[in-house]
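A.B. asks: Residue numbering for the sequence shown follows numbering that gives the first Met the number 0, beginning at 0 and increasing consecutively.
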Amino acid sequence: MKKQEKAQQQQQQQDQQQQQQQQQQDQQQHQQQQNHHHQQQQEQQQQQQQQQQPQQQQQQQARSTAATTAAQTAKPLPPPPPPPAATATPAAPTAAAPTATAPTAATATAAAPTATAPTAAAPTATAPTAAAPTATAPTATAPTAAAATAAATAAATAAAAAAGGYLHHQTAL
């Protein structure tokens, strides 16, 4: 019996050793498969990187070429237009306004006496006097413009009356 028990124990030990060896082989095989799979993944990644590197380099070259071309073709902006020159027009009406009132009163009073004289010089004297108020009327203030218009009308009427009287006088002769 003892021999049989020893033989069984030896058989069991051998079986256990075989199982352990089988497990070790399985583990090694599994490890090799994983290593092989991992190696394949690494090779694929390297291939992808090698394929992508030229594409990335081409894209970078295209970008830098486009930037260089854009910089070379860009035109400088035109200089800004000069500011408009200041004019002294507002000062002119202010200076002319006081002078517009004085001749208007003088011409109105001067036109009245000359209208009554039927001499030949009277019509020529009233013609420039009638023209003076119309030239200065735009620069005058509102009341002065009305007075200038009234004076011009009076002067024109007086001139027409004088001219009519002169013509009537001439035709009578």
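For each residue, glycine too, the CB sits at the ideal point set by N, CA and C.
Rounded to whole angstroms, what is the Cα-Cα separation between H36 and Q28?
C.D. replies: Near 12 Å, if we compare the C-alpha coordinates of Q28 and H36.
A.B. asks: How would you label A69, buried or exposed, when you count the other beta carbons within 10 angstroms and need 16 or more for buried?
C.D. replies: By the neighbour-count rule (16 or more Cβ atoms within 10 Å), A69 is not buried but exposed.
A.B. asks: Buried or exposed: which applies to A6, given that a residue is buried once 16 or more other Cβ atoms fall within 10 Å of its Cβ?
C.D. replies: It is exposed - the Cβ of A6 has fewer than 16 other Cβ atoms within 10 Å.
A.B. asks: Could you tell me the alpha carbon to alpha carbon distance between Q16 and Q8, rounded to whole angstroms?
C.D. replies: When rounded, the distance between both Cα atoms is 12 Å.
A.B. asks: In or out: A147 buried (at least 16 other Cβ within 10 Å) or exposed?
C.D. replies: Classification of A147: buried, given that the 10 Å Cβ count is 16 or more.
A.B. asks: Quick check on the burial criterion: 16 or more other C-beta atoms within 10 angstroms. Buried or exposed for A150?
C.D. replies: Classification for A150: buried.
A.B. asks: Under the three-state reduction of DSSP, which class applies to P79: helix, strand or coil?
C.D. replies: P79: coil per DSSP, three-state reduction.
A.B. asks: Buried or exposed: where does A65 fall if 16 or more other Cβ atoms within 10 Å of its Cβ makes it buried?
C.D. replies: Exposed, by the Cβ-count rule.
A.B. asks: In whole angstroms, what is the alpha-carbon distance linking Q52 and Q13?
C.D. replies: When rounded, the distance between both Cα atoms is 57 Å.
A.B. asks: What does the alpha-carbon distance come out to for the pair Q18 and M0?
C.D. replies: Cα-Cα distance, rounded: 26 Å.
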